[in-house]
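Taking my numbering, the leading residue of the sequence shown gets 3, the next gets one more, and so forth. Worksheet: one structure, shown below.
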Amino acid sequence: MVQSNQKPHLVLLSAPAHLQPVIELGKRLVTCQDVKATIIVASFVQSAPAESRMVQAALATKLFDVIHLPPADISNLVEPGDKGITSLSAAMHVVKPDFQAAILGLETLPTALVVHVFAIECLGIADELKIPKYVFVSTNAWFLATIVYTPVLDKEVEGEYADKKEPFALPGCSSIRAEDLPDPMLLRTKANYREYLKIGMEIPKADGILVNSWEELQPKTLASLRDGNLLAGVVKAPIFPVGPINSEGSSALKNELFDWLDKQPTDSVLYISFGSMGGLSLEQMLELAWGLELSQQRFIWVVCPPIEKSGSGSGPKFGNIGDDVSSYLPEGFISRIRDRGVIVPQWAPQVEILSHPSCGGFFTHCGWNSAIECITNGLPMIAWPLYAEQRMNATLLTEEMGIAVRSETLPSKGIVGREEIEKMVRKIFVDEGGRQMRARVKELKLSAEKAWSNDGSSYDALAKMVKHSQKKAIAIDV
3 MVQSNQKPHL VLLSAPAHLQ PVIELGKRLV TCQDVKATII VASFVQSAPA
53 ESRMVQAALA TKLFDVIHLP PADISNLVEP GDKGITSLSA AMHVVKPDFQ
103 AAILGLETLP TALVVHVFAI ECLGIADELK IPKYVFVSTN AWFLATIVYT
153 PVLDKEVEGE YADKKEPFAL PGCSSIRAED LPDPMLLRTK ANYREYLKIG
203 MEIPKADGIL VNSWEELQPK TLASLRDGNL LAGVVKAPIF PVGPINSEGS
253 SALKNELFDW LDKQPTDSVL YISFGSMGGL SLEQMLELAW GLELSQQRFI
303 WVVCPPIEKS GSGSGPKFGN IGDDVSSYLP EGFISRIRDR GVIVPQWAPQ
353 VEILSHPSCG GFFTHCGWNS AIECITNGLP MIAWPLYAEQ RMNATLLTEE
403 MGIAVRSETL PSKGIVGREE IEKMVRKIFV DEGGRQMRAR VKELKLSAEK
453 AWSNDGSSYD ALAKMVKHSQ KKAIAIDV
């Protein structure tokens, strides 16, 4: 039986490859609210080692308990070409019994359950436990609006969404063009779309929705999600904007890369990275290298093996560590840019680089975590969307927020030439338009800081969510 004076105990469930935002949400809950939190981690077999490292780092904070479920082997459940949401849903189906056993084995039973949106397969376990249930959407409110409205579009729109010329209207929100739709919506006959549609139908069954945005960042969309005449009639549950939820990194990091950064002028270095899953064709890598060289600007480029020799310029990659990086860069490139550029193979400490005073911009695949890290550091972006909902994010950052520039050619559809890359880089660091973007993103940085100050909008939203869960738990118990 739930006691009104019982300290809230929230269990947070991550989805494979989406652990970090859940960890950061757990930190906020424990440090900003008087609650106990337990994080339960789901992972793919192939992603388990990386998530194990995150688990160890999270445990070191001593803020909460972390349980890493046995990794999900989905090799016999999905077709080799089925990536994305289909894989995530299959993994959550596999780990569901282990998740339920983990909850029942807790010393203190939870008073509420929070599942990542891509772990929604396990939301119903809260009903069996007779506790409130919440969904955490770790991307922005426009994506939330789109996914919950997709069941409506599914009934109203005939044929493929991608073939439509007119943008799709979302009540009270910016409309969305066909070319900006999230990947699962591009082919309605595929399993990815069916799983995406199912998530859109499941989200309104939650008692509340947490979203990684804040009032000042997306006021129009959040207002629609709360308006009964607009999207609230679809989403049904209360919305708690608790962003920015992002990692702060380590200020003590020191190595040759940071020694080099320390010597560069303030706001002068462009950081280039396409995330852990983003890749470029060899042809696109060569054009990017030439564009950087032509721009004459300082940069740090995290270089990964090319996904293919030619074809569309960019897309998701699923691993292969290749030869020495110089083998897929222009001949003599590394020596020519030695004084103003640094090439880093495979991986770099992104959070720490973006927060360094010398960093002045980010050439990014537009994953929402990366976008949030940019905004909270006051950095304009070159948007290079590759997969998932990144095209939406790029449009949001460029057209609605005015803090990014993007190429005319969609990177996932064709090769972006060196001259256009040079132009985008120089726009951020040299042109007047770049100064305006920098001023705008610094305003958003201040709004993010204000949102998490005492009595800030996100601080208050998290407090309201915890109180909501307590009231809901007592009501369910009665």
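Where is the CB? At the ideal position from N, CA and C, for every residue including glycine. Model, not experiment: these values are computed from the prediction.
Own chain partners of residue i with C-beta closer than 6 Å, once the 5 adjacent residues on each side are dropped
i, result
"G369", "G277"
"A104", "I42, I69"
"A1", "Because the chain spans 3 through 480 in this model, residue 1 falls outside it and cannot be assessed."
"T223", "A143, W144, A147, C175"
"D84", "A193"
"S328", "I336"
"N371", "none"
"G436", "K429, I430"
"P23", "S140, I247"
"E548", "Any question about residue 548 goes unanswered here, given that the chain covers just 3 to 480."
"V150", "G202, I205, V236, V237"
"W216", "P243, G245, A453, S459, S460"
Neighbourhood of residue i by C-beta, 8 Å cutoff - its chain only, sequence neighbours within 5 removed
i, result
"S89", "P18, F46, I76, V80"
"E421", "G293, L296"
"T33", "L65"
For residue j and residue i, believed in contact at Cβ under 8 Å, the rounded distance
i, j, result
"L388", "P413", "6 Å"
"L294", "V244", "The pair is not a contact, with the Cβ atoms about 37 Å apart (cut-off 8 Å)."
"S409", "S270", "The pair is not a contact, with the Cβ atoms about 22 Å apart (cut-off 8 Å)."
"E424", "L296", "4 Å"
"P10", "Q472", "6 Å"
"I127", "F101", "7 Å"
"M449", "L219", "Before going on, a small fix: residue 449 reads as Ser here, not Met. The pair is a contact, with the Cβ atoms about 7 Å apart (cut-off 8 Å)."
"L27", "F138", "6 Å"
"P186", "I178", "Not really, about 14 Å apart at Cβ, beyond 8 Å."
"P332", "A291", "5 Å"
"G363", "L272", "5 Å"
"A121", "A44", "6 Å"
"I374", "V427", "Actually they do not touch by this definition, with Cβ atoms about 22 Å apart."
"T481", "S249", "Since the displayed the chain opens at 3 and closes at 480, residue 481 lies outside it and no answer follows."
"V305", "I339", "Rounded, the Cβ-Cβ distance is 12 Å, inconsistent with contact."
Paired residues, beta bridge with residue i - DSSP
i, result
"V139", "V213"
"N406", "The question names Asn, yet the displayed sequence has Ala at residue 406. According to DSSP, which records beta bridges pairwise, A406 is partnered with M383."
"W303", "I274, I345"
"K64", "Note: K64 sits in no beta bridge, so no partner."
"F46", "A74"
"A39", "L12"
Distance cut-off 7 Å: residue i Cβ against heavy atoms of the ligand PLP
i, result
"V213", "For the ligand PLP, the structure offers nothing, since it holds no ligand at all."
Residue i (DSSP reduced to helix, strand or coil)
i, result
"P347", "strand"
"S177", "coil"
"C361", "strand"
"P184", "coil"
"K167", "coil"
"A17", "coil"
"T33", "helix"
"T223", "helix"
"P23", "helix"
"I241", "strand"
"T366", "strand"
"I481", "Any question about residue 481 goes unanswered here, given that the chain covers just 3 to 480."
"S414", "coil"
"R437", "helix"
"Q458", "Sequence inspection shows Gly at residue 458; the Gln mentioned does not correspond to that position. Three-state DSSP puts G458 in coil, outside helix and strand."
"E80", "One detail in the question is off: residue 80 reads as Val in this sequence, not Glu. Looking at V80 - three-state DSSP - the assignment turns out to be coil, as it is neither helix nor strand."
"T198", "The residue you asked about is not Thr; residue 198 is Tyr in the sequence shown. It is helical."
"V427", "helix"
"K1", "In the structure displayed, the chain extends from 3 to 480; residue 1 sits before or after that span and is not available."
"K256", "coil"
"G235", "helix"
"L290", "helix"
"Q392", "helix"
"I476", "helix"
"R190", "coil"
"N371", "helix"
"Q352", "helix"
"P246", "coil"
"E310", "coil"
"P153", "helix"
"K265", "coil"
"I339", "coil"
Same chain, Cβ closer than 7 Å to residue i, five either side skipped, listed in chain order
i, result
"A114", "P10, L12, I133, P134, Y136, S471, A475"
"S357", "G251, N379"
Checklist line | 4 or more residues per run - each alpha helix (DSSP H) lying fully within the segment 95–134 | finding: 127–131
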